[in-house]
Structures are given as C-alpha cells and as structure tokens.
Ligand SMILES: Nc1ncnc2c1ncn2[C@@H]1O[C@H](COP(=O)(O)OP(=O)(O)OP(=O)(O)O)[C@@H](O)[C@H]1O
Ligand SMILES: [Mg+2]
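In my numbering, the protein residues as written are 205 to 620.
This is the structure we're talking about:
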C-alpha cells in the first residue's frame with residue numbers, strides 16, 4: 205500500500221472510521237435489544253407453562269371430584285343430548301359412558317316419563333316454568349336391564365362456551381331403600397331378641413307344665429274322641445314350644461359351651477325325629493357318611509340346625525322325593541355336611557334372601573322365616589359357614605362346613 209500523504213484522503217478515511225464505529229455501535233444496540241427480546245420471550249413461555257400447569261392441576265382436581273362423586277352427574281344440552289357423564293352414572297344405570305354420550309337423555313327414563321320429559325323441557329324453554337330445575341324431586345329412572353327405580357333428581361342450569369347446559373345430579377334411591385329395609389329388619393331382630401328373652405322365660409315355663417299334663421291326658425284318657433282332642437293340645441303346645449326355642453336361640457348370648465360331639469349321631473337323631481313324617485310323605489332318606497372326627501360343639505344347638513334343614517326339605521317335597529344326607533371331610537380342616545332334597549327348588553332372586561330374618565314363602569302360621577337365620581347363627585358360632593344352592597324344579601342343597609380345628613379323636617362312624 206502506498207503511504208498516505210494527501211490530507212484530504214486522511215480526512216476521508218477518518219470520516220469512514222467514524223461512520224463504521226457509529227454503525228458498530230448501532231449493531232451492538234440491536235444485539236442488546238435482540239437479547240432482551242429473547243429474554244422476554246423466554247419469560248413469557250415460562251409463565252405460560254406455569255399457567256398451563258396450574259390449569260391442568262385445577263382441571264385434574266375438578267375431574268377427580270366429578271369422577272369420584274357417589275351421585276351420578278349428567279350434563280345435557282338444550283335438546284336433551286348427553287354431553288358428559290361421570291362414572292357413578294354407569295354404576296347406577298349400567299350403561300358405559302360411550303353408550304350414553306351423544307344420546308338423548310330420555311334413554312335413562314322409562315315410558316311414560318320419557319315423553320313427559322321432552323314436553324317438559326320444551327315448555328321450560330318456551331315459558332321458563334320450572335319443575336325440577338333449581339329444586340329437586342323424586343323421579344323414576346330406567347336401568348340398562350329395563351328395571352325402573354326411584355331416583356332423586358336435582359337439575360341446575362348454566363352456560364358453557366355460550367351454550368345453555370343443564371347439569372343433573374341424581375341419587376339412586378332404589379339401593380338406599382333396600383339398605384333401609386335391611387336396617388329395618390336388623391332393628392326388628394334386635395327388638396325381637398330382647399322381647400323373646402322375656403317371653404321364653406315367662407311363657408316357656410307354664411308351657412312345659414301344660415305340655416306335661418296334656419301328654420299325661422293323652423295317654424290316660426280312654427275315650428278316643430277325647431284322646432284325639434288331647435293329641436291336638438299336645439301338637440299345638442309343641443309348636444309353641446318350638447317357636448319359643450327358636451326365639452330363645454336368637455336371644456341367647458352367642459357363646460357355645462363346647463362338648464365332644466358326634467355330628468353323625470346328631471343327624472341320625474334328627475332324622476329319627478321325623479321318621480313318621482318322612483314315611484308319610486313318601487320321602488326316601490339316603491345316608492352317605494364318611495368317617496369324620498368328633499368336634500367340640502353344642503349338640504343341642506347343632507341338632508336344631510339339622511331339624512330346621514330337614515323340616516325345610518320335607519316342606520319342599522309335598523309329593524315325596526329323596527332326601528340325601530352326606531357327611532365327609534372336605535379338607536383336613538373342614539367337615540362338610542350336605543342336606544339335599546329333590547323338591548320344588550328356589551328361584552335365584554329368592555335364594556339371595558333365604559337367610560334374612562322373617563323371609564318366608566310359607567303361608568301364615570306355617571313359617572316364621574327364622575329357621576335358616578337361626579341355623580346360620582349356630583353354625584357361625586361354631587366357626588363354620590352354611591351355603592345354599594338350588595335349581596327350581598330340581599331340588600336344593602344346603603351345605604354346612606364346620607372346622608375340625610377343635611377336634612378330639614376320630615369317631616369312625618360308617619354308612620348305615
Ligand atoms: N329346601 C328348601 N327348598 C325350597 N325352599 C327352601 C328350602 N329351604 C328354605 N327354603 C326357602 O327359604 C325360606 C326361608 O327358610 P327358613 O327356614 O328360614 O324359614 P321358613 O321355613 O319359611 O320358616 P321357619 O321359621 O318355620 O323355619 C323358606 O320359606 C323357603 O322359601
Ligand atoms: Mg324353615
């Protein structure tokens with residue numbers, strides 16, 4: 205490069221340097237602004253992320269409340285189309301959510317409420333006249349299986365995304381009523397326990413005396429007509445005594461005074477008690493006894509169980525049949541006793557209730573509906589359990605499982 209001597213050229217170069225420096229400064233400023241803008245954007249993004257997390261948390265929390273509610277919650281639009289349902293709705297109505305979303309809400313109502321509902325919504329939208337909205341009332345619902353049931357319904361109205369949305373909260377009163385009924389029966393039973401303890405004492409004693417004299421009369425009276433009358437007295441007094449015994453079994457404190465007990469002996473004793481009745485009915489008894497150990501238990505109370513089950517079996521075979529009694533070791537720890545009849549059998553919905561207090565299908569004066577309950581209690585008190593299986597028109601089998609845990613030596617009873 206040639207040396208610069210021209211002052212004009214030097215000035216021009218100086219000016220050029222100044223311009224370049226100014227430009228550099230501008231660029232630096234721009235870079236700073238850019239960095240600042242970057243930082244602002246980053247901050248904005250972070251804030252947004254945070255807001256989203258808060259929103260998600262809030263959403264999850266509300267969803268959790270919605271999903272865990274015991275009551276059913278259904279959102280519908282103005283035309284009655286289902287927009288949203290919570291899991292309780294499936295529990296109550298039996299429909300999975302996907303079968304409900306987009307459907308008309310009337311699917312959950314039995315006729316004629318179905319048509320009434322459409323008319324009601326129409327009238328409300330036109331006139332603003334409310335019947336359920338903002339209030340609550342009992343209505344009738346329809347489960348997927350067609351069952352109609354009482355239901356408490358409260359509807360509120362709101363707006364979501366500029367649309368009118370109705371939110372229905374509903375409670376299944378059917379289940380509630382069933383639970384109330386069960387509680388009522390349990391209460392009845394508790395009351396009965398107290399009363400029966402008194403009755404058993406106050407009435408039981410004179411009954412024993414009456415029975416004693418009546419039996420004496422029956423034996424000593426010569427005139428056949430009077431003997432028959434005495435037999436009637438004996439019969440009826442025995443019935444009263446048996447009922448008292450049943451009541452006493454419910455009232456009695458639930459402890460077993462254990463003694464060495466041979467189940468087979470007790471069963472045979474119970475069968476012997478009904479020998480005449482069984483014969484009269486044309487019922488054949490089949491015994492199938494495998495050797496089982498003796499247990500520690502209460503012979504009197506266990507006998508009551510077998511008497512109850514045999515009476516039930518006899519009642520179930522008015523035209524005769526076969527009564528099969530089987531005893532065997534079900535496992536090392538359990539003795540299984542089954543009493544099976546070839547009687548009328550039990551419908552599945554009845555089968556669920558046979559152990560409930562006062563449940564009977566027998567005519568008034570014939571059954572109190574306590575036999576199986578008492579039997580179940582006695583078996584429970586012995587640490588066992590009792591089950592029932594049945595086929596209508598074919599027969600019924602009651603199975604008792606008793607633990608051998610309190611076993612002494614084996615009794616080695618064979619079949620008869
Ligand atoms: N072997 C059976 N076959 C058919 N139905 C039965 C049998 N055992 C029980 N049941 C049904 O269960 C119901 C309840 O039986 P449970 O013994 O508790 O009462 P109950 O026999 O009616 O009256 P009770 O108090 O006099 O025994 C009966 O009324 C009957 O409907
Ligand atoms: Mg009975």
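C-beta: ideal position from N, C-alpha, C; glycine also. Note that the structure is predicted; figures quoted are calculated from it, not measured.
_Quick check: is any heavy atom of ligand 2 less than 8 Å from the C-beta of residue 306?_
Within the chain shown, residue 306 is the residue found at index 102, counting from 1. The answer is no for residue 306.
_Where residue 331 sits in the DSSP three-state scheme_ = The residue labelled residue 331 in the question sits at position 127 within the chain shown. If DSSP states are grouped into helix, strand and coil, residue 331 belongs with the helices.
_Element boundaries [alpha helix (DSSP H), containing residue 477]_ = Reading the chain shown from its first residue, position 273 is the one you call residue 477. Segment 467-477, the alpha helix (DSSP H) holding residue 477.
*Is the Cβ-Cβ distance between residue 575 and residue 516 less than 9 Å?*
Looking up residue 575 in the chain shown gives position 371. Looking up residue 516 in the chain shown gives position 312. Cβ distance < 9 Å, so residue 575 and residue 516 count as in contact.
*For residue 545, is the beta carbon positioned less than 8 Å from some heavy atom of ligand 1?*
Counting from one through the chain shown, the residue named residue 545 turns up at place 341. The answer is yes for residue 545.
*Exposed or buried, which one is residue 508 when buried takes at least 16 other CB atoms within 10 Å?*
As a position in the chain shown, residue 508 is number 304, starting the count at 1. Answer is buried; the Cβ neighbour count reaches 16.
*Rounded to the nearest angstrom, how far is the Cβ of residue 492 from that of residue 528, given a contact under 8 Å?*
Taking the first residue of the chain shown as 1, we reach residue 492 at position 288. Taking the first residue of the chain shown as 1, we reach residue 528 at position 324. Rounded, the Cβ-Cβ distance is 7 Å, consistent with contact.
*Work out the CA separation of residue 364 and residue 340 for me, nearest whole Å.*
As a working note, residue 340 is residue 136 in the chain shown. As a working note, residue 364 is residue 160 in the chain shown. When rounded, the distance between both Cα atoms is 22 Å.
_First through last residue of the beta strand (DSSP E) which encompasses residue 310_ = Mapped onto the chain shown, residue 310 falls at position 106. Per DSSP, residue 310 belongs to no beta strand (DSSP E) and is neither H nor E.
_Less than 9 Å between the C-beta atoms of residue 287 and residue 305, yes or no?_
For this step, residue 287 is matched to residue 83 along the chain shown. For this step, residue 305 is matched to residue 101 along the chain shown. In this structure, residue 305 lies closer than 9 Å to residue 287 by Cβ.
_Pocket of ligand 2 (residues with CB nearer than 6 Å to any heavy atom), chain order_ = 512, 515, 516, 571, 575
_Classification of residue 409 by the beta-carbon crowding that lies within 10 angstroms, buried from 16 upward_ = As a first step, residue 409 must be located in the chain shown, where it is residue number 205. Residue 409 should be labelled exposed.
*Please state if the CB of residue 526 and the CB of residue 488 are separated by a distance shorter than 9 Å.*
Here residue 488 is taken as the residue at index 284 of the chain shown, counted from 1. Here residue 526 is taken as the residue at index 322 of the chain shown, counted from 1. Taking 9 Å as the Cβ cut-off, residue 488 and residue 526 qualify as a contacting pair.
*Can you find a heavy atom of ligand 1 that lies under 8 Å from the Cβ of residue 582?*
Your numbering for residue 582 matches position 378 in the chain shown. No; taking the cut-off as 8 Å, the Cβ of residue 582 has no heavy atom of ligand 1 nearer than that.
*Indicate the three-state DSSP secondary structure (helix, strand or coil) for residue 411 in the structure shown.*
Here residue 411 refers to the residue found at position 207 when the chain shown is read from its first residue. Looking at residue 411 - three-state DSSP - the assignment turns out to be helix.
*If we count Cβ pairs, one from each stretch, closer than 8 Å, do we get three or more for the region 407-421 versus the region 376-390?*
no
*asked:* Please state whether the Cβ-Cβ distance between residue 542 and residue 505 is less than 9 Å.
replied: Taking the first residue of the chain shown as 1, we reach residue 542 at position 338. Taking the first residue of the chain shown as 1, we reach residue 505 at position 301. No, the pair does not count as a contact, with Cβ atoms beyond the cut-off.
*asked:* Check whether the region 351-359 and the region 369-379 are in contact - that is, three or more C-beta pairs closer than 8 Å.
replied: yes
*Using 10 angstroms around the beta-carbon of residue 512, count the other beta-carbons present and answer buried if the total reaches 16, otherwise exposed.*
In the chain shown, counting from the first residue as 1, residue 512 sits at position 308. Burial call: buried.
*asked:* Output needed for residue 347: all residues of its chain with C-beta closer than 6 Å, excluding positions within five of it in sequence on either side, in chain order.
replied: Taking the first residue of the chain shown as position 1, residue 347 is located at position 143. Contacts found: 297, 298.
_Taking 9 Å as the threshold (C-beta atoms), are residue 577 and residue 467 in contact?_
Numbered from 1 along the chain shown, position 263 holds the residue referred to as residue 467. Numbered from 1 along the chain shown, position 373 holds the residue referred to as residue 577. No, the pair does not count as a contact, with Cβ atoms beyond the cut-off.
_the region 436-455 touching the region 469-484, judged by at least three CB pairs closer than 8 Å_ = no
*Would residue 486 be called buried (16 or more neighbouring beta carbons within 10 Å of its own) or exposed?*
Counting from one through the chain shown, the residue named residue 486 turns up at place 282. Label assigned to residue 486: exposed.
*Determine which residues share a DSSP beta bridge with residue 345 and list them.*
One-based indexing of the chain shown puts residue 345 at position 141. In the DSSP output, where bridge partners are listed per residue, residue 345 has 353.
*For residue 481, verify whether its CB is less than 8 Å away from any heavy atom of ligand 1.*
Taking the chain shown and counting its residues from 1, one reaches residue 481 at position 277. No, Cβ of residue 481 sits at least 8 Å from all heavy atoms of ligand 1.
*So which of 596, 326, 255, 583 has the shortest CA-CA distance to residue 538?*
Looking up residue 538 in the chain shown gives position 334. The option with the nearest alpha carbon to residue 538 is 583.
*asked:* Per the DSSP calculation, residue 481 is bridged to which residue(s)?
replied: On the chain shown, residue 481 is found 277 positions in, with the first residue counted as 1. Looking at the DSSP assignment, residue 481 forms no beta bridge with any residue, so it has no partner.
*Are the region 274-288 and the region 308-322 in contact at 8 Å, needing three or more beta carbon pairs?*
yes
*Is residue 523 near ligand 1, with its Cβ less than 8 Å from a heavy atom?*
To locate residue 523, count along the chain shown from 1; it is residue 319. Every heavy atom of ligand 1 is 8 Å or more from the Cβ of residue 523, so no.
*Taking residue 500 and residue 463 to be in contact with their CB atoms under 8 Å, please state how far apart those CB atoms are, rounded to whole angstroms.*
Within the chain shown, residue 500 is the residue found at index 296, counting from 1. Within the chain shown, residue 463 is the residue found at index 259, counting from 1. With 8 Å as the limit, residue 500 and residue 463 qualify as a contact, their Cβ atoms being about 7 Å apart.
*asked:* Looking only at its chain, what residues have a beta carbon closer than 6 Å to the beta carbon of residue 360, apart from the 5 residues adjacent to it on each side?
replied: Indexing the chain shown from 1 puts residue 360 at position 156. For residue 360, where only same-chain residues beyond five positions count, the Cβ hits under 6 Å are 371.
*Between the beta-carbon of residue 558 and the beta-carbon of residue 592, is there less than 9 Å?*
One-based indexing of the chain shown puts residue 558 at position 354. One-based indexing of the chain shown puts residue 592 at position 388. Yes, the Cβ-Cβ distance between residue 558 and residue 592 is below 9 Å.
*Inspect the beta-carbon positions of residue 554 and residue 546 and report whether they are closer than 9 Å.*
For the purposes of this step, residue 554 is taken as residue 350 along the chain shown, with counting starting at 1. For the purposes of this step, residue 546 is taken as residue 342 along the chain shown, with counting starting at 1. No.
_Per-residue DSSP class, three states only, for residue 620_ = As a working note, residue 620 is residue 416 in the chain shown. Confidence at residue 620 is low in this model, with a pLDDT of 33, below 50, so the placement of that residue should be treated as unreliable; the coordinate-derived value is given next. Three-state result, residue 620: coil.
_Burial state of residue 214 (16 or more Cβ within 10 Å)_ = Locating residue 214 in the chain shown gives position 10, where the first residue counts as 1. With fewer than 16 Cβ atoms within 10 Å of its Cβ, residue 214 is classed as exposed.
*Going by the CB atoms, is the gap between residue 431 and residue 440 shorter than 9 Å?*
Here residue 440 corresponds to residue number 236 of the chain shown, with the count starting at 1. Here residue 431 corresponds to residue number 227 of the chain shown, with the count starting at 1. No, Cβ-Cβ distance for residue 440 and residue 431 is not below 9 Å.
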